[in-house]
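K.L.:
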Amino acid sequence: MAQGSTGAGARDARWLLTTEAVRERAAGLLARCLDGGLDHFAVDPDRLGPCADAVVETIRDAYPDLDIPYHSRWRHFAVDGFERWGSLVHAAPWDDVAARARAAFDLVIVSVLIDAGAGPTWRYEEGRTGETYARSEGLAVASFDLFVSGLFSEVPEDPFRVDARALASLTEADLAQGFQVSPTNPLVGLAGRTALLNRLGQVVAADPDGFGPQARPGGLYDRLAGQAQDGALPASAILAALLTHLGPIWPGRITLDGVDLGDTWRHPRAGGEGETAGLVPFHKLSQWLAYSLLEPLEEAGLTVTGLDALTGLPEYRNGGLFLDTGVLALKRPEEAGRPHAVGSELVVEWRALTVALLDRLAPLVRERLGIRDPAALPLAKVLEGGTWATGRRLAKGLRPDGTPPLTIESDGTVF
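FYI, the numbering for the sequence shown is 1 to 415, going by the UniProt record's numbering.
#1: Just the C-alpha distance for R135 and E275, rounded to the nearest angstrom, thanks.
#2: If you reduce the DSSP assignment to three classes, tell me which class L256 lands in.
#3: Return the bridge partner residues of residue 426 from the DSSP annotation.
#4: With DSSP run on the structure shown, which of helix, strand or coil describes L394?
#5: Under the rule that 16 or more other beta-carbon atoms within 10 Å means buried, what is K381, buried or exposed?
#6: If you scan the region 78 to 146 from start to end, which runs of the beta strand (DSSP E) of 3 or more residues do you find wholly inside it?
#7: Roughly how many angstroms lie between the CA atoms of K396 and G81, to the nearest whole one?
#8: How about L190 and V181: are their beta carbons less than 8 angstroms apart?
#9: If you run the structure through DSSP and keep just helix, strand and coil, what is A2?
#10: If we count the other Cβ atoms within 10 Å of its Cβ and call it buried at 16 or more, is A13 buried or exposed?
#11: Return yes when the Cβ of G320 is within less than 8 angstroms of the Cβ of P405, no when it is not.
#12: So is S410 buried or exposed if we call it buried at 16+ other beta carbons inside 10 Å?
#13: Between the region 301 to 314 and the region 364 to 372, do three or more beta carbon pairs fall short of 8 angstroms?
#14: Alpha carbon to alpha carbon, how far is L30 from A270?
#15: Taking the alpha-carbon of L233 as reference, which of V203, D263, A300, D207 has the nearest alpha-carbon?
#16: Could you check the C-alpha separation between L113 and E137 for me, to the nearest Å?
#17: To the nearest angstrom, how far is it from the Cα of R266 to the Cα of V280?
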């Protein structure tokens with residue numbers, strides 16, 4: 001975040017970097033949709049019950065004891081039941097919990113930032129198992145392999161780390177080789193992913209306050225651990241740190257009073273006043289990263305509080321869930337037949353409605369599971385158990401290749 005900005009514009013910008021802003025603008029667009037006031041989508045609230053039933057079916061099948069983990073990148077590192085990180089922990093020479101936490105932050109920050117949609121045809125073959133993975137699981141396993149290989153390290157005797165200089169010098173060819181990209185195995189947004197990691201390296205190197213003297217993304221662990229009070233850290237503080245210190249990595253989008261607003265877009269019916277009017281924040285990758293930092297922090301002995309301050313994630317599995325269950329419907333069905341830019345009015349509507357509807361869906365899921373205390377099944381677990389998995393399950397049943405109901409033109413940094 002820009003330093004020294006204290007005026008109204010800076011205050012507006014800081015508000016847009018909060019989940020309160022995400023929820024307020026999303027709820028406002030849902031209210032307009034319920035009144036028939038959006039151009040692209042209609043909503044049927046009566047379909048939320050059947051949607052919740054579908055989510056509960058998925059949860060009971062996958063987690064009959066309701067012992068649901070957080071929705072995070074760590075689930076993908078353990079695809080097919082192989083605990084890749086756990087195996088590395090046993091072999092790595094970390095001498096204390098803080099060193100392990102820094103390495104976990106290193107890995108998961110890089111992996112999440114390149115976890116935009118891979119496209120329908122890309123595949124990754126894992127050398128250690130011979131298994132082939134696609135989409136998020138493929139990107140996770142590939143990024144894990146790159147981490148273990150030492151590609152991101154500047155210290156040959158310490159390969160299991162990520163250094164700013166290594167990220168800043170990473171080339172598209174490096175990433176293409178690591179992700180097994182070829183003319184017959186294309187990866188959507190390869191250039192965008194490379195540029196994002198390059199910018200991450202530059203930002204980490206220029207921000208010792210956020211990332212420490214070693215200039216590692218994992219230095220953010222020390223920053224967050226230092227904010228804990230009596231061993232407790234609010235989830236909102238995790239997101240605030242990510243948005244503050246990683247804000248400059250996002251490519252050429254909206255800025256306000258010198259502050260990069262990241263995953264924030266315009267919509268003519270978003271409401272608001274002053275310089276925030278018409279702006280709709282999401283911070284999807286940053287929130288996905290916040291969810292993915294919960295486990296390293298807890299494993300280091302910290303307690304993360306206020307999990308439901310974070311919002312649901314506005315991506316195509318959660319958004320697809322609402323379309324495929326009939327909660328949402330396109331006013332012009334033919335719009336499903338063509339791709340849409342990520343900043344288009346249609347996509348901004350879809351993402352905002354997804355955030356607002358997830359907040360309405362979570363209590364229905366808890367009610368059907370007989371869970372009265374929201375803290376017993378926070379949104380982070382509803383997503384995992386949950387909405388994301390049900391969105392994928394329904395997509396596979398409705399479309400042979402399991403693609404989402406809408407096609408998004410991704411640059412590799414949002415979806």
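A virtual CB, placed ideally from N, CA and C, is assigned to each residue, including glycine.
P.N.:
According to the structure data:
#1: Stepping through the sequence shown from its first residue, residue 135 is reached at position 135. Stepping through the sequence shown from its first residue, residue 275 is reached at position 275. In a straight line, the C-alpha of R135 is about 37 angstroms away from that of E275.
#2: Walking along the sequence shown from the start, residue 256 turns up at place 256. It is a strand residue.
#3: This structure cannot settle anything about residue 426, because the visible part of the chain is limited to 1 through 415.
#4: Within the sequence shown, the letter at position 394 stands for residue 394. DSSP places L394 in helix when its eight states are reduced to three.
#5: Walking along the sequence shown from the start, residue 381 turns up at place 381. Looking at its Cβ environment, which holds 16 or more other Cβ atoms inside 10 Å, K381 is buried.
#6: 123 to 125, 132 to 134
#7: Sequence index remark: in the sequence shown, residue 396 carries index 396 (1-based). Sequence index remark: in the sequence shown, residue 81 carries index 81 (1-based). So the alpha carbons of these two residues sit roughly 21 angstroms apart.
#8: Here the question's residue 190 lines up with position 190 in the sequence shown. Here the question's residue 181 lines up with position 181 in the sequence shown. Yes, these two residues count as a Cβ contact at 8 angstroms.
#9: Numbered from 1 along the sequence shown, position 2 holds the residue referred to as residue 2. Low confidence applies here, because A2 scores a pLDDT of 40, under 50, leaving its location unreliable; read the following figure in that light. Correct three-state label for A2: coil.
#10: Here residue 13 refers to the residue found at position 13 when the sequence shown is read from its first residue. Result: buried.
#11: Indexing the sequence shown from 1 puts residue 405 at position 405. Indexing the sequence shown from 1 puts residue 320 at position 320. Result yes, Cβ atoms of P405 and G320 sit closer than 8 angstroms.
#12: As a position in the sequence shown, residue 410 is number 410, starting the count at 1. Flag for S410 reads buried.
#13: no
#14: Within the sequence shown, numbered from 1, the residue matching residue 30 stands at position 30. Within the sequence shown, numbered from 1, the residue matching residue 270 stands at position 270. Taking the straight line from one Cα to the other gives about 10 angstroms.
#15: As a first step, residue 233 must be located in the sequence shown, where it is residue number 233. Considering only alpha carbons, the answer is A300.
#16: Numbered from its first residue, the sequence shown carries residue 113 at position 113. Numbered from its first residue, the sequence shown carries residue 137 at position 137. Computed Cα separation, rounded: 14 angstroms.
#17: In the sequence shown, the residue the question calls residue 266 occupies position 266. In the sequence shown, the residue the question calls residue 280 occupies position 280. Rounded to the nearest angstrom, the two C-alpha atoms are 6 angstroms apart.
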